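Reading through the C-alpha cells given below for one structure.
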Amino acid sequence: MNTYLNKNQNKITFNFFFFILSLNKMSVTLEKRIYL
Numbered sequence: 014m015n016t017y018l019n020k021n022q023n024k025i026t027f028n029f030f031f032f033i034l035s036l037n038k039m040s041v042t043l044e045k046r047i048y049l
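Positions in the sequence shown are counted from 1; adding 13 to them yields my numbering.
Take a look at the structure:
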C-alpha cells in the first residue's frame with residue numbers, strides 16, 4: 014500500500030512539473046507573438 018501511494022505521488026508530482034513546464038512554454042510563445 015505504501016509503495017503504491019508513493020508511486021501515485023511521484024506520478025502527480027511529475028504531471029504537475031510537466032504542466033508547469035508547458036505553461037512556461039506557452040507564456041514564452043505568447044510573449045514572442047506580442048513582441049513580433
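C-beta atoms are modelled at their ideal positions from N, C-alpha and C, and glycine is treated no differently. Nothing here was measured: the structure is a model prediction, and the numbers come from that model.
If you draw a straight line from the alpha carbon of residue i to that of residue j, how long is it in whole angstroms?
i	j	result
M39	I47	12 Å
T16	F30	21 Å
N27	I33	Note on residue identity: the sequence assigns Phe, not Asn, to residue 27. Spanning the two alpha carbons is a distance of roughly 10 Å.
S35	L43	12 Å
N21	V41	30 Å
N23	K45	33 Å
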